[in-house]
Amino acid sequence: MKAGKKEHKLGMRASDTSEVLFDNCWMSADAMVGDEGQGFLNTLQVLDAGRIGIAALAVGLAQGAYEAALRYAKERRQFGQPLATFQAIQWKLADMATRIEAARLLTYRAAWLKDQGVTRTGRESSMAKLYSSEIAVRAAEESVEIFGGYGFMRDYPAEKFFRDAKLCTIGEGISEIQRLVIARQLLVR
Ligand SMILES: Cc1cc2nc3c(=O)[nH]c(=O)nc-3n(C[C@H](O)[C@H](O)[C@H](O)COP(=O)(O)OP(=O)(O)OC[C@H]3O[C@@H](n4cnc5c(N)ncnc54)[C@H](O)[C@@H]3O)c2cc1C
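Under this note's numbering, think of the first position of the sequence shown as 208, with each following residue one higher.
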């Protein structure tokens, strides 16, 4: 087993991602993770927990993008007044803050259920992951817009939030897969 090519990524560049090559790789039986025949079930349980982690990551990124935009909107003056005095900017900030609160609550709920020892939190984990990651992408985009031209420049943090947030809608299952998981649970009731 050896590390392969290091990937060149759009975002999350502070964390390396690399291929892992298994060539003629044999493992001894005592290296088995979990019980034989339980791999798929174990994987689903790992994803139930991992998706809460991605939801929390997305809430943090959305919060960072929002706080950067809020600060900049108070500092930057256009037409003789701070950007924050324009209603169009205020509405963006209000929507960002409201969506972040909702995402945080969905994430707390899923994490709380996990803490209570509930083994299958698929629906709640997917709801938290789906919503938090999608609002994070939206918040990051709105943050770029509030920064105007500087939103596109590496000198300010907005463009990094924009690049990093996108992974949250992909990692541990793309949004379509989260919708599939949620819908399946709704339909069996
Ligand atoms: C840098 C990075 C790190 C990652 N880290 C992790 C990690 O740690 N853990 C983890 O679990 N995942 C991680 N992922 C995500 C994982 O590797 C896959 O990229 C992800 O699960 C999507 O699978 P895929 O790339 O094969 O896309 P595909 O399955 O080929 O999907 C391509 C498109 O088709 C759509 N699609 C596929 N199937 C369906 C369907 N049934 N119904 C509707 N639409 C569908 C998808 O939504 C998507 O739009 C990471 C991804 C990246 C880029």
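The beta carbon of each residue, even a glycine, is placed where N, CA and C say it ideally should be.
- When distances are taken from the beta-carbon of Ile377 to the heavy atoms of ligand 1, the shortest one is below 7 angstroms.
- Glu348 and Asp371 have their alpha carbons spaced roughly 11 angstroms apart.
- Here Ala262 is buried, its C-beta having at least 16 other C-beta atoms within 10 Å.
- In the DSSP assignment, Ala210 falls within the beta strand (DSSP E) that extends over Lys209 to Lys213.
- Runs of alpha helix (DSSP H) with 4 or more residues, each lying fully within the stretch 232-319, are found at 246-282, listed in chain order.
- In the DSSP annotation of this structure, the continuous segment of the beta strand (DSSP E) that includes Glu226 starts and ends at Ser225 to Leu228.
- Within 7 angstroms of the C-beta of Glu383 there is at least one heavy atom belonging to ligand 1.
- If you draw a straight line from the Cα of Gln392 to the Cα of Gly244, it comes to about 24 angstroms.
- Inclusion of Lys373 and Val351 in the CB contact set at 8 angstroms is not warranted, their separation being larger than that value.
- Scanning Val227, Glu383 and Gly324 for the CA closest to the CA of Gln252 turns up Gly324.
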